[in-house]
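K.L.:
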Amino acid sequence: MPILGRLRYLEASPAANARPRGTLLLIHGFPLNSRMWEGQIAFAAARGWRVLAPDLTVVTKADATVDDFAAVAIDLLDGLHVEGAVVGGLSMGGYVTFAVVRHAARYVRGLILADTRSQADTPEGVEGRKKMLQLLRDQGPSAIADQMIPKLIGETTTRTRPEVAGQLRAIIMANSAEAIGGAINALMTRPDATPLLATIHAPTLVVVGAEDTLTPPSLAEDLHRGIAGSQLEVIAGAGHMPNLERPDAFNEVVGDFLDRRV
Ligand code: MLT
0 MPILGRLRYL EASPAANARP RGTLLLIHGF PLNSRMWEGQ IAFAAARGWR VLAPDLTVVT
60 KADATVDDFA AVAIDLLDGL HVEGAVVGGL SMGGYVTFAV VRHAARYVRG LILADTRSQA
120 DTPEGVEGRK KMLQLLRDQG PSAIADQMIP KLIGETTTRT RPEVAGQLRA IIMANSAEAI
180 GGAINALMTR PDATPLLATI HAPTLVVVGA EDTLTPPSLA EDLHRGIAGS QLEVIAGAGH
240 MPNLERPDAF NEVVGDFLDR RV
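With the first letter of the sequence shown counted as 1, position 248 gets the number 247 in numbering that gives the first Met the number 0; the numbers rise by one all the way through.
(1) Near N250, which residues of its chain fall below 6 Å by C-beta distance, leaving aside the five closest residues on each side in sequence?
(2) Quick check on the burial criterion: 16 or more other C-beta atoms within 10 angstroms. Buried or exposed for N174?
(3) Less than 9 Å between the C-beta atoms of E244 and R160, yes or no?
(4) Flag this pair as touching only if the segment 47-67 and the segment 11-27 have three or more C-beta atom pairs under 8 Å; answer yes or no.
(5) Which of the three DSSP states, helix, strand or coil, is assigned to T188?
(6) Could you give the uninterrupted runs of the alpha helix (DSSP H) lying entirely in the segment 44-107, keeping only those of 4 residues or more?
(7) I need the straight-line Cα distance from D62 to T188, nearest angstrom please.
(8) D221: beta carbon under 8 Å from a heavy atom of ligand 1?
(9) Could you check if M91 is buried or exposed, using at least 16 other CB atoms within 10 Å of its CB as the buried criterion?
(10) Any heavy atom of ligand 1 closer than 8 Å to the beta-carbon of T214?
(11) At a cut-off of 8 Å, would you count G92 as near ligand 1, judging by its Cβ distance to the nearest heavy atom?
(12) From L79 to N32, what distance separates their C-alpha atoms?
(13) Would you tell me roughly how many angstroms separate the C-alpha atoms of Q230 and V206, rounded to the nearest one?
(14) Taking 9 Å as the cut-off, decide whether the C-beta atoms of H27 and G109 are in contact.
(15) Count the other CB atoms, across all protein chains shown, that sit within 10 Å of the CB of G165; report buried if there are 16 or more and exposed otherwise.
(16) V330 bridges to which residues according to DSSP?
(17) Rounded to whole angstroms, what is the Cα-Cα separation between A45 and Q138?
(18) Buried or exposed, going by whether 16 or more other CB atoms sit within 10 Å of the CB of T121?
(19) Return the bridge partner residues of I2 from the DSSP annotation.
(20) What residues in its chain sit with their C-beta under 6 Å from that of K150, if we drop five residues either side in the sequence?
(21) Would I152 be called buried (16 or more neighbouring beta carbons within 10 Å of its own) or exposed?
(22) Below 8 Å, is the gap between the Cβ of L112 and the nearest heavy atom of ligand 1?
(23) According to DSSP, is T22 part of a helix, a strand, or is it coil?
(24) Once you ignore the five residues that flank E265 on each side, which residues in its own chain have a CB closer than 6 Å to its CB?
(25) Please list, in chain order, all residues of the same chain as T56 whose beta carbon is under 6 Å from its beta carbon, the five residues on each side excluded.
(26) Report the rounded CA-to-CA distance for P13 versus Q133, giving the unit in angstroms.
(27) To the nearest angstrom, report how far apart T193 and N16 are at their CA atoms.
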């Protein structure tokens with residue numbers, strides 16, 4: 000994995016036989032890391048994109064915020080002298096994408112908002128995060144994996160592709176307790192991004208798994224309504240992690256958006 004100063008990231012160069020299309024920056028969800036994007040990185044590189052996927056897990060402070068995570072993404076673009084990118088994020092990665100838009104809209108050539116929402120946590124949501132922080136302190140990352148994995152994957156995947164749970168567990172267990180704790184803080188302190196939606200004019204794809212119970216399709220519809228000209232795609236038979244649960248269907252939707260809209 001390349002390292003740049005304090006940054007760690009996955010990178011793929013555009014395939015030699017493909018027309019170079021630009022840079023795609025992919026931001027992972029909670030409590031995961033850049034490896035959740037491996038299937039998309041290979042796919043987009045084959046279609047001519049340079050793909051970068053930073054690990055937000057380099058941020059290990061307990062009071063981390065989505066702004067700290069956005070700084071990781073922006074520092075990576077700056078460090079590699081990339082002047083513009085299509086920025087995509089799944090779930091927490093979407094919250095971070097909104098923070099990138101807030102701080103550095105000039106870099107954004109397009110947006111992919113997967114299984115995410117613009118709203119901040121509700122007071123009940125914050126209480127749930129505090130309980131999760133306590134669970135992390137008491138029992139460590141494996142307890143977080145136990146709690147999150149059933150929520151991350153949809154019922155079809157649970158029934159037909161149990162190996163996805165193992166993939167997720169391996170990714171989660173590679174992360175430190177400090178990084179997971181900082182991410183929980185970032186989730187529960189994130190601002191409401193709804194006022195930002197009307198300011199977004201970059202081509203935008205909103206994509207969601209039909210069986211997502213964490214950020215259900217109704218929230219994707221809110222994003223689609225809020226961002227003028229955005230495209231909404233629902234991936235059948237997938238939950239909160241459509242890129243891992245139905246990679247071919249997810250890649251087709253993303254590839255079509257990159258080819259036609261950006
Ligand atoms: C994620 O997948 O990044 C988290 O589930 C987001 C959240 O809990 O709000």
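In this text, a Cβ means the ideal position worked out from N, Cα and C, and glycines have one as well.
P.N.:
The structure says:
(1) The residue given as residue 250 occupies position 251 in the sequence shown. Within the same chain, Cβ atoms closer than 6 Å to the Cβ of N250 are found at F42, the five residues on either side in sequence being excluded.
(2) Counted from its first residue, the sequence shown places residue 174 at position 175. Under this definition N174 is a buried residue.
(3) Position 245 of the sequence shown, counted from the start, is the residue given in the question as residue 244. Position 161 of the sequence shown, counted from the start, is the residue given in the question as residue 160. Yes, these two residues count as a Cβ contact at 9 Å.
(4) With three or more CB-CB distances shorter than 8 Å, the segment 47-67 counts as touching the segment 11-27.
(5) Translated into positions along the sequence shown, residue 188 becomes position 189. T188: helix per DSSP, three-state reduction.
(6) The segment 44-107 contains these whole alpha helix (DSSP H) runs: 65-78, 91-103.
(7) For this step, residue 62 is matched to residue 63 along the sequence shown. For this step, residue 188 is matched to residue 189 along the sequence shown. Between the C-alpha atoms of D62 and T188 there is a straight-line separation of about 9 Å.
(8) By 1-based counting over the sequence shown, the position of residue 221 is 222. The answer is no for D221.
(9) On the sequence shown, residue 91 is found 92 positions in, with the first residue counted as 1. Burial state of M91 is buried, judged by a 10 Å Cβ sphere holding 16 or more other Cβ atoms.
(10) Position 215 of the sequence shown holds residue 214. Shortest gap from the CB of T214 to any heavy atom of ligand 1: under 8 Å.
(11) In the sequence shown, residue 92 corresponds to position 93, counting from 1. Indeed, a heavy atom of ligand 1 lies less than 8 Å from the Cβ.
(12) Here the question's residue 79 lines up with position 80 in the sequence shown. Here the question's residue 32 lines up with position 33 in the sequence shown. Going from the Cα of L79 to the Cα of N32 covers about 20 Å.
(13) Residue numbering aside, residue 230 sits at position 231 when the sequence shown is read from its first letter. Residue numbering aside, residue 206 sits at position 207 when the sequence shown is read from its first letter. In a straight line, the C-alpha of Q230 is about 8 Å away from that of V206.
(14) In the sequence shown, the residue the question calls residue 27 occupies position 28. In the sequence shown, the residue the question calls residue 109 occupies position 110. No.
(15) If you number the sequence shown from 1, residue 165 lands on position 166. Classification of G165: exposed, given that the 10 Å Cβ count is below 16.
(16) Residue 330 falls outside the range modelled here, since the chain spans only 0 to 261, and no answer is possible.
(17) The residue you call residue 45 lines up with position 46 of the sequence shown. The residue you call residue 138 lines up with position 139 of the sequence shown. When rounded, the distance between both Cα atoms is 41 Å.
(18) Position 122 of the sequence shown, counting from 1, holds the residue named residue 121. Exposed, by the Cβ-count rule.
(19) By 1-based counting over the sequence shown, the position of residue 2 is 3. I2 pairs with R7.
(20) Within the sequence shown, the letter at position 151 stands for residue 150. Same-chain partners within the cutoff: L213.
(21) Taking the sequence shown and counting its residues from 1, one reaches residue 152 at position 153. I152 is buried by the Cβ-count criterion.
(22) Numbered from 1 along the sequence shown, position 113 holds the residue referred to as residue 112. L112 Cβ: outside cutoff for every heavy atom of ligand 1.
(23) As a first step, residue 22 must be located in the sequence shown, where it is residue number 23. Shown here, T22 sits in a strand according to DSSP, grouped into three states.
(24) A question about residue 265 goes unanswered here, because the residues of the chain that appear run from 0 up to 261.
(25) Residue numbering aside, residue 56 sits at position 57 when the sequence shown is read from its first letter. Here the set comprises N32, N174, A178.
(26) For this step, residue 13 is matched to residue 14 along the sequence shown. For this step, residue 133 is matched to residue 134 along the sequence shown. Cα-Cα distance, rounded: 43 Å.
(27) In the sequence shown, residue 193 corresponds to position 194, counting from 1. In the sequence shown, residue 16 corresponds to position 17, counting from 1. Distance between the alpha carbons of T193 and N16: 41 Å.
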